[in-house]
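Going left to right, the sequence shown walks through residues 1 to 582 as my numbering numbers them.
Glycine included, every Cβ here is placed at the ideal spot set by N, Cα and C.
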Amino acid sequence: MNYKATLIFIFTCTALFGHEVDLKNTKLYNPTAYITSQCYTKTEDENNKNILHNPCFSCHIQNTPPNYTLYDDDMQLAYDFPSPAFKNPWTNLFLDRTKQVSSISDAKILSYVRQNNYMKDGDIILQKKLNNLPKEWDFNNNGRWDGYVPDCYFHFDEEGFDKKPDGSYTGWRAFAYYPFLGTFWPTNGSTDDVLIRLAKPFQQDENGKFDKEVYKINLLIVESLIKQKTLKTSAIDERKYGVDLNQNGKLDVANEIVFHWEVPTYNTDTLKLENFSMSYVGKAKELLKTNEYLIAPGLYPLHTEFLHSVRYINLDTNNNIALAPRMKELRYGKKEFWYTYFQLSNAGMEEIKEKAESPDNVDKYIGDIERGLNNKLGWYYQGFIEDKQGELRPQSFEETLFCMGCHSNLGALADSTFVFPRKFEKGTHKDGWYHWSEKGFENIADLLLPNGEGEYERYLKNNNAGDEFRDNEEVMEKFFVKGWEEDEENIQKDLLAKLENPDVVLKQHWKLKSDALQKLKNDISYLLLPSPKRALNLNKAYKVIVDEQSYIYGRDAHIKPVQNVHKSVYDGQMTQLEKIPK
1 MNYKATLIFI FTCTALFGHE VDLKNTKLYN PTAYITSQCY TKTEDENNKN ILHNPCFSCH
61 IQNTPPNYTL YDDDMQLAYD FPSPAFKNPW TNLFLDRTKQ VSSISDAKIL SYVRQNNYMK
121 DGDIILQKKL NNLPKEWDFN NNGRWDGYVP DCYFHFDEEG FDKKPDGSYT GWRAFAYYPF
181 LGTFWPTNGS TDDVLIRLAK PFQQDENGKF DKEVYKINLL IVESLIKQKT LKTSAIDERK
241 YGVDLNQNGK LDVANEIVFH WEVPTYNTDT LKLENFSMSY VGKAKELLKT NEYLIAPGLY
301 PLHTEFLHSV RYINLDTNNN IALAPRMKEL RYGKKEFWYT YFQLSNAGME EIKEKAESPD
361 NVDKYIGDIE RGLNNKLGWY YQGFIEDKQG ELRPQSFEET LFCMGCHSNL GALADSTFVF
421 PRKFEKGTHK DGWYHWSEKG FENIADLLLP NGEGEYERYL KNNNAGDEFR DNEEVMEKFF
481 VKGWEEDEEN IQKDLLAKLE NPDVVLKQHW KLKSDALQKL KNDISYLLLP SPKRALNLNK
541 AYKVIVDEQS YIYGRDAHIK PVQNVHKSVY DGQMTQLEKI PK
């Protein structure tokens, strides 16, 4: 081996194996880490160009204002990347993990995922560490942690509210939702949960005292605003709160939060907005009058927070899939700035203009590992991830950059978030306010779309797989007719039907098993949950990445090299897909 090759070998091994990440380093290996590995998926079948795979529509769809990500559905049509992203930087995808995975026993990985790396002896481990900040975590060397200090105990009451050991409330509330398409299904590698917290005034009565009922109503109002729809609710006495929630012109008992919005008026004397057609209750109602907090369809109020734990997959005593105590990541987002529709629209137009004028420019995000990165739409996102010993540490700048593409400039987002718009509503278990540790996915029906098709069913039909890489053989065997790829007559027939009418709903029983679709229709767990064997293998595959601390090269759990993904793309490369409408 020559000297140059030796240096390259040493550098590669040092980068991938044996060393902890330098959290103060802002030099990027991958300046386009905000473009996910899934965006490099091959949309054309290599054996039959008439077979097309479209997982892209999950994220890249026509925007709904006040999401002003314009023309995002065009991203279904082309690999429209800046030139620095033409070469796929997610090199972990192409590694064979067979040897490392086979060296980890089932007992060892189960023992590992059952260890709680978030709580110890009733205390939050990260909280203690951040309050006694290690020097290597102190990004700006000021002796303190300037970002979010984890304060959720994951100890929930009957309504999903998190409680401290002393019995008081943290403000966090768990909710259940339809997991986002593809990557976020447990069958593809991880279990997870999401919690929401509104600012203190939304948790308080008009006198500033904590009031759980006020908080519950405000959360429903926010849900109605984000979904831009009327929501059924348990009976609420409007006279107690002084707000006409059901919009019937009087204060009585409301059984729904009616979504009815009219543009408020601007008082040129007070320089404030007034005459809001919808209002919060409690202290937040008073602060709405002063414009300290504002209200608008499709937007969360200022200082809204989200907490997202990404976990390994556990097996319970009956060998069923469950949330693991061990976290892979703890992700946090907070709305630090209120942007008006005008400001958001301008931001969307600026993105389009910049892309047209400088298509090879790389997106820049301001921030650091403590406060997180600013998504340019009012939110900061930050996170913690496992170190080599399995303890949670702050993400590096580049590891945080990985989060930004999904939380900015996607048509599928509602005020930079994915799953709160997908929250279960009244009539479901506890009206959707519970943690996944209480109840799993069993017997939850597939989300019915306006065209009568199930949402997960539509994903399977259009992607011809259960994940973006078409790497999940278990889902393929469970849902797809063996040899369907050879049925050229039906492939051609459906292709022409879609070209003639993109909105047509195709049954495709020649491709998808009718009995499997029927099970999915009534029970999404049939699709979402892996077998115990697959769960353990995915855990092991991810543990290899943890041991290497090689997150910047890809976090996707797999054993064999991924085949259905481009190692590089070229300028103007088309996907050959037809747009799937929203």
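About 6 Å separates the beta carbon of Gly454 from that of Lys521, a gap short enough to meet the 8 Å contact definition.
Per DSSP, the continuous alpha helix (DSSP H) segment holding Gln343 begins and ends at Tyr341 to Glu357. Fully enclosed beta strand (DSSP E) runs of no fewer than 3 residues occupy 169-174 and 191-197 of the stretch 168-217, in order along the chain. At a Cβ-Cβ threshold of 8 Å, Gly298 and Thr69 do not count as neighbours. Counting other Cβ atoms within 10 Å of its Cβ, Asp363 reaches 16 or more and is therefore classed as buried. Collapsing the DSSP output to three states places Ser525 in a helix.
In chain order, Ile226, Gly298, Leu299 and Tyr300 place their CB closer than 7 Å to the CB of Asp415, counting only its own chain and leaving out the 5 sequence neighbours on each side. Under the DSSP assignment, Leu392 falls outside any alpha helix (DSSP H), being part of the beta strand (DSSP E) whose first and last residues are Leu392 to Pro394. Taken atom to atom, the span from the alpha-carbon of Tyr365 to that of Leu377 is near 11 Å. Bounds of any alpha helix (DSSP H) do not take in Asn451, whose DSSP letter is neither H nor E. Only buried fits Phe479, as 16 or more other CB atoms lie within 10 angstroms of its CB. In the structure shown, Trp379 falls within a strand segment according to DSSP collapsed to helix, strand and coil. Relative to Asp157, the option among Tyr169, Pro150 and Asp146 whose CA is nearest is Tyr169. For Ser568, the pairing in a beta bridge is given by DSSP as Lys87.
Three or more beta-carbon pairs drawn from the stretch 324-332 and the stretch 106-119 are found closer than 8 Å, and the two stretches are therefore classed as touching. By the neighbour-count criterion, in which a residue is buried when 16 or more other Cβ atoms sit within 10 angstroms of its Cβ, His558 is buried. The closest CA to that of Asn443, considering only Asn50, Thr428 and Leu449, is found on Thr428. In the assembly as shown, Ser105 is an exposed residue. Its beta-carbon has fewer than 16 other beta-carbons within 10 Å. Judged by beta-carbon spacing, Gly367 lies within the 8 Å limit of Asn374, meaning their Cβ atoms are closer than that value.
Between the stretch 247-263 and the stretch 182-189, the count of Cβ pairs shorter than 8 Å is below three; the stretches do not touch. Residues of the same chain with a CB within less than 8 Å of the CB of Arg371, apart from the 5 flanking positions on each side, are Asp146, Gly147, Tyr380 and Gln382 in chain order. Secondary-structure assignment with DSSP links Arg311 through a beta bridge to Thr191 and Met327. Under the three-state reduction of DSSP, Ser277 is assigned to coil, being neither helix nor strand. In the structure shown, Leu577 falls within a coil segment according to DSSP collapsed to helix, strand and coil.
In the structure shown, Val253 adopts extended strand secondary structure according to DSSP, grouped into three states.
Counting the other Cβ atoms within 10 Å of the Cβ of Tyr266 gives fewer than 16, which makes it exposed. Approximately 14 Å separates the beta-carbon atoms of Ser190 and Gly554; this is outside 8 Å, ruling out the contact. In the DSSP assignment, Ile552 falls outside any alpha helix (DSSP H), carrying neither H nor E. A straight line joining the alpha-carbon of Met278 with that of Ser58 spans about 31 Å. Listed in chain order, the non-local C-beta contacts of Asn54 below 7 Å within the same chain comprise Thr43, Gln76, Asn462, Asn463, Leu577 and Ile580, local neighbours out to five positions each way being set aside.
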